[in-house]
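Okay, so the sequence shown: first residue is 65 according to the working numbering, each after it adds one. Heads up, the beta-carbon is just placed ideally off N, CA and C, and yes, glycines get one too. Structure first, then comments.
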Amino acid sequence: MPTLKETLAARIPKFRREVDDIRHNHGEKVIGEVTIAQAYGGMRGVKSMVTETSALDPNEGIRFRGHTIPELQKALPRAAEGEEPLPEGLFYLLLTGDLPTEENVAEVTAEWQARGTLPEYVYKVLDALPPQTHPMTQLSAGIVAQQPESVFVRRYREGISKSEYWEYTFEDTMNLLARLPALAAYIYRRTYKGGKIIPADPELDWAGNFAHMLGYDTRMFRELMRLYLTIHADHEGGNVSAHATHLVGSTLSDVYYSLAAGMNGLAGPLHGLANQEVLRWILHVREELGGGVPSRQKLSSFVWDTLNSGRVIPGYGHAVLRKTDPRYMAEREFALKHMPDDELFRIVSTLYEIVPAILIEHGKAKNPWHNVDAHSGVLLMHNGMVEHDFYTVLFGVSRAMGVLSSLVWDRALGLPLERPKSLTTEYIKTII
Ligand code: NMX
Ligand code: MLT
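Have a look at this one:
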């Protein structure tokens, strides 16, 4: 069986030739136009970059290398004990474009186990931060602190050919992904559990071992991590964490600098931090409305109060999606299967029924439907992980697989420095 790196090495020359041919022979073809509204409006809908690993359809949701989430729940290999896909399989798919066999997945698991030890100095860097430092700050610091490990930087200084860049980016990617669970688990343990490190279990898969190092040794939590880390991995190239990683990476910054940039973007409340905000908001709803599962009527007026005070309803809306996020549906199915009577899940379910109609009546959000962050927190709460400031770190561990797969391909295709043109309002006034 060819290794993952050999499979990738075999794919790259042909795809590079195809892309070179498209750029050379069709480079002048127009794929869109840009309006003033888009230039001021966060570049929504501007077709200005290429990302191979996944594509987002506004109505259907995400496809990873052409496969929907329900398809992958059937097609990707699973742990012996479980029914959820193994994230290592998704990584193999994102990187190569091929659905992996059980052996392909076992190879990734074994590689990540072998490379998974966090350098000792990273613990010291984290220990130097006050314990109340937000977990996303710790994640970003812990990633960038490992930058001296970069194989790419070492080889680049020695003087390598452009055609080899991808190989060392691949090595850095494998090392960083292998160590992210140990880093994230230490952040959790030092922030909330007195700092006692739980050693890795070499018998477990990547997500199962992550659950173990966090301190959760139930089958349900391992299964939740497998699902969670699979579905959050990628959301095409324009989302802030993917785009920031790609942008910083386009300067030939290594994977450590690039991923830290992506994670800093994920830490914003309009992006990944929304998963923590949703939980805070739901707990606040429950407290304000006297505990238990509030009636639809009481919940409706709470939603209106939030909107009328000028705040967004976290977990609803999307820059691209125009229907319920299939990641939300995968989480909902997990809840229906494992915890249908959970009180917070019942609140989320009631919100699922009432919020879209309220947002439509409110008339501002272009997408009134549920996104992934509206649901993930209650699954974690049910399993005992109550520290919601940590939730975005889980999103980040998963997102690293998608954005770093793309960075390997950026290097393989020799994509250039990203540098769009900006305009001034003074200039815009001259063209209207
Ligand atoms: N609640 C209230 N108002 C909203 C919401 C919402 N959930 N979503 C959008 N709006 C408002 C938005 O603030 C804007 O108002 P204004 O004109 O006063 O500036 C207006 O509706 C138009 O915004 P859209 O064009 O629909 O949304 P946009 O593409 O700019 O932003 C989000 C997308 C996701 C940032 C936005 O829907 C939002 O703030 N949602 C809540 C936060 C959230 O759940 N983020 C997580 C996204 C997924 N992820 O994991 O990254
Ligand atoms: C994501 O997963 O990155 C979010 O849904 C945001 C986006 O796609 O813009």
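Comparing alpha carbon positions, the residue from T181, A271 and T315 closest to Y220 is T315. For L120, the uninterrupted beta strand (DSSP E) segment begins and ends at S118 to D121. Distance from L241 to L468 at the Cβ level is roughly 7 Å; contact confirmed, criterion being Cβ atoms closer than 8 Å.
At least one heavy atom of the ligand NMX is found less than 7 Å from the C-beta of P378. By the Cβ criterion, the stretch 383 to 401 is not in contact with the stretch 356 to 364, since fewer than three pairs of Cβ atoms, one from each stretch, lie closer than 8 Å. At a cut-off of 7 Å, the beta-carbon of R108 counts as near the ligand NMX: some heavy atom of the ligand is closer than that.
When secondary structure is reduced to three states using DSSP, Y380 falls in the strand class.
A Cβ-Cβ contact shorter than 8 Å links V472 with T233. DSSP assignment within the stretch 175 to 232 yields the following whole alpha helix (DSSP H) runs of 4 residues or more, N-terminal first: 184 to 191, 199 to 209 and 215 to 222. Two segments are said to touch when three or more pairs of C-beta atoms, one from each, lie closer than 8 Å; by this definition the stretch 446 to 454 does not touch the stretch 311 to 330. Taking C-beta atoms as the reference points, L293 and S462 count as a pair closer than 8 Å.
According to the DSSP assignment, G326 belongs to the alpha helix (DSSP H) that extends over V319 to L330. When the Cα atoms are used, R243 and E92 turn out to be separated by approximately 43 Å. Taking C-alpha positions only, T282 is separated from I346 by approximately 25 Å. For F128, the enclosing beta strand (DSSP E) begins and ends at G125 to F128.
For M289, the enclosing alpha helix (DSSP H) stretches over residues R283 to I295.
Restricting attention to H452, L481, L444 and A383, the CA atom closest to the CA of H434 is found in A383. Counted as a single uninterrupted DSSP element, the alpha helix (DSSP H) harbouring D84 occupies residues L68 to H90. Shown here, P149 sits in a strand according to DSSP, grouped into three states. In the three-state reduction of the DSSP assignment, H131 falls in the strand class. Placement of the Cβ of S305 at a distance of less than 7 Å from at least one heavy atom of the ligand MLT is found.
Note on geometry: alpha-carbon atoms of S214 and H426 lie some 50 Å from one another. Relative to H335, the option among R254, M200 and G374 whose CA is nearest is M200. Non-local beta-carbon contacts of R344 in its own chain, meaning distances under 7 Å to residues more than five positions away in sequence, involve H452 in chain order.
In the three-state scheme derived from DSSP, where H, G and I count as helix and E and B as strand, R142 is classed as strand. Burial state of G180 is buried, judged by a 10 Å Cβ sphere holding 16 or more other Cβ atoms.
Closest in alpha carbon position to D369, among K69, A297, G329 and I422, is I422. Between the alpha carbons of I495 and M107 lies a distance of about 19 Å.
Contact between the stretch 124 to 135 and the stretch 482 to 495 is not established, with fewer than three Cβ pairs separated by less than 8 Å. When distances are taken from the beta-carbon of H434 to the heavy atoms of the ligand MLT, even the shortest one reaches 7 Å or more. Not one heavy atom of the ligand NMX lies closer than 7 Å to the C-beta of A73. Secondary-structure assignment with DSSP links H434 through a beta bridge to Y380. Within the same chain, Cβ atoms closer than 8 Å to the Cβ of V217 are found at Q211 and D318, the five residues on either side in sequence being excluded. Here I492 carries a helix assignment [DSSP, helix/strand/coil].
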